[in-house]
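Colleague:
Residue numbers (the numbering used here): 358 to 851.
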């Protein structure tokens, strides 16, 4: 299986090379034309556990990794760093299910992939004979940053630089990043939005002069965002494992379709579900759940992607995104691999802020994807009803998904809502949603009060942040990001 850019099929690379590079030289994302040529054995999946399924998924989508390399990566990624041997357990929420993806070290779904990616990169560097260092450069809307920092901290031959939108993440999310330990890490807030940070990161990757200067130091850049196929592939596993849990619980028979609702901004998490379907998982509908920044909802409903709108800061900040980078991969597959057309749409998006798909492609998309969005008030109401009616505490992102799912007619299939973060990452907003005044309370006072109110314990790694030392206070303008990356490379790879 080889990979090439969504915008040009001319140059193919192995999966190891794609993971090390992160993003294609032309700015496109790496895809494989062999996706779906090999399908997982559903009976086998339903009879085994998470680790074995992860090995099957990675072995299928990253075939130049040997079986021993895959097993080693899986064993290291999903061990005592997750607080449950199930890794991503399925739990009930009324008549539907929550897929809890937040049991890893940073309490967010990004851990599933970002505990894996450094190991995949280390194996790739060794087998490719890569000399020098790799600097991971990542923009985050809140959760990717800490997960990347935790995964790559002090990994030999690797550095990690994270940019987050200052003032647009939760207090806990910010503290998780700015208190990060590690000799090879760098963190800065930027004055702007996540989209601003992501745009600048892509420009940094495309800057040939910077690449030449870093090459003289023996340093190359790569990404930990879901634009990196090594971030995307591990997420496919939990769709298969969730299905296996339903089979083992007697809720579905192998082969019955299951619907998945995914709160998403950058489209990576729901795209992993599409990959799972291509690999043989009986997916009924993939429901894209948006917050008030509903660029994806509008796109699926109208066929026009339009980022020319006011950015809204919501209580689900990890979804406050107007440019959904991973959608580009889906466009490639919708067009049956028309790189020229994908490149044209991406050019239109960059130049004008919008593009429109023809109706026959949107009809094809809607065969698999549905959509909906939730306002902040609707999100708060869902948090409260989940607790009052079911005794389940959920975070604002999960609540967006649960709200959208709850409004859709039940088609008689089992339905799974992806739960993407521990509620204590957003204690103030969750506490307020439960009807309590949070004025004048800092994030940790809210955490303590929420714990007393619900009896649900706050994760130790979050509560311990109140006494952690701030190590990365930097805030910069967008045009200073390139210099920040270069300085970080000079320090880490001195």
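Ideal placement from N, C-alpha and C gives every residue a C-beta, glycine not left out. Quick caveat, the model's predicted, so the values are computed rather than measured.
1. Tell me which residue opens and which closes the alpha helix (DSSP H) that residue 410 is part of.
2. Helix, strand or coil, according to DSSP, for residue 545 in the structure here?
3. Between residue 676 and the rest of its own chain, which residues show a CB-CB distance below 8 angstroms, the 5 nearest in sequence each way excluded?
4. According to DSSP, is residue 421 helix, strand or coil?
5. List the whole-angstrom C-beta distance separating residue 463 from residue 525, where the pair is believed to meet the contact cut-off of C-beta under 8 angstroms.
6. Between residue 553 and the rest of its own chain, which residues show a CB-CB distance below 6 angstroms, the 5 nearest in sequence each way excluded?
7. Taking buried to mean at least 16 other C-beta atoms within 10 Å of its own C-beta, is residue 348 buried or exposed?
8. Any contact of the segment 478-489 with the segment 818-838, i.e. 3+ C-beta pairs under 8 angstroms?
9. If the criterion is Cβ atoms closer than 8 angstroms, does the pair residue 415 and residue 581 meet it?
10. If you follow the alpha helix (DSSP H) that residue 743 is part of, which residue opens it and which one closes it?
11. Is the beta carbon of residue 518 sitting closer than 8 angstroms to the one on residue 547?
12. Rounded to whole angstroms, how far is the Cβ of residue 752 from the Cβ of residue 787, which I believe are closer than 8 angstroms?
13. Report yes if the C-beta distance between residue 659 and residue 725 is below 8 angstroms; otherwise report no.
14. Measuring CB to CB, does residue 427 end up less than 8 angstroms from residue 445?
15. Just to confirm before moving on: does the CB-CB distance between residue 535 and residue 823 stay below 8 angstroms?
16. The alpha helix (DSSP H) with residue 435 in it runs from where to where?
17. Given this structure, state the Cα-to-Cα distance separating residue 734 from residue 653, to the nearest angstrom.
18. Taking contact to mean 3 or more Cβ pairs, one atom from each stretch, closer than 8 angstroms, check whether the segment 563-577 and the segment 386-403 are in contact.
19. Short check: CB of residue 706 to CB of residue 712, under 8 angstroms?
20. Which residue from 609, 472 and 460 puts its Cα closest to that of residue 453?
Modeller: To lay it out plainly:
1. Unbroken alpha helix (DSSP H) run through residue 410: 407-418.
2. Reduced to three states, the DSSP call for residue 545 is strand.
3. So the qualifying residues of the chain are 498, 620, 621, 622, 647, 648, 650, 754 and 757.
4. In the structure shown, residue 421 sits in coil (DSSP, three-state: anything other than H, G, I, E or B).
5. Residue 463 to residue 525, Cβ: 18 angstroms. No contact.
6. 835, listed in sequence order.
7. Residue 348 is absent from the model: the chain starts at 358 and stops at 851.
8. As far as the Cβ criterion goes, the segment 478-489 does not touch the segment 818-838, which means the pair count is below three.
9. Not a contact, by the Cβ cut-off of 8 angstroms.
10. Its alpha helix (DSSP H) spans residues 733-747.
11. No, they are not a contact pair.
12. About 7 angstroms separates the two Cβ atoms, so the contact holds.
13. No; because the gap between Cβ atoms is not below 8 angstroms, this pair is not in contact.
14. Taking 8 angstroms as the Cβ cut-off, residue 427 and residue 445 do not qualify as a contacting pair.
15. Judged by beta-carbon spacing, residue 823 lies beyond the 8 angstroms limit of residue 535, meaning their Cβ atoms are not closer than that value.
16. In the DSSP annotation of this structure, residue 435 is not part of any alpha helix (DSSP H), being labelled neither H nor E.
17. Distance from the CA atom of residue 734 to the CA atom of residue 653, rounded to whole angstroms, is 20 angstroms.
18. Taking a contact to require three or more Cβ pairs closer than 8 angstroms, the segment 563-577 and the segment 386-403 do not qualify as touching.
19. Yes, they are a contact pair.
20. Restricting attention to 609, 472 and 460, the CA atom closest to the CA of residue 453 is found in 609.
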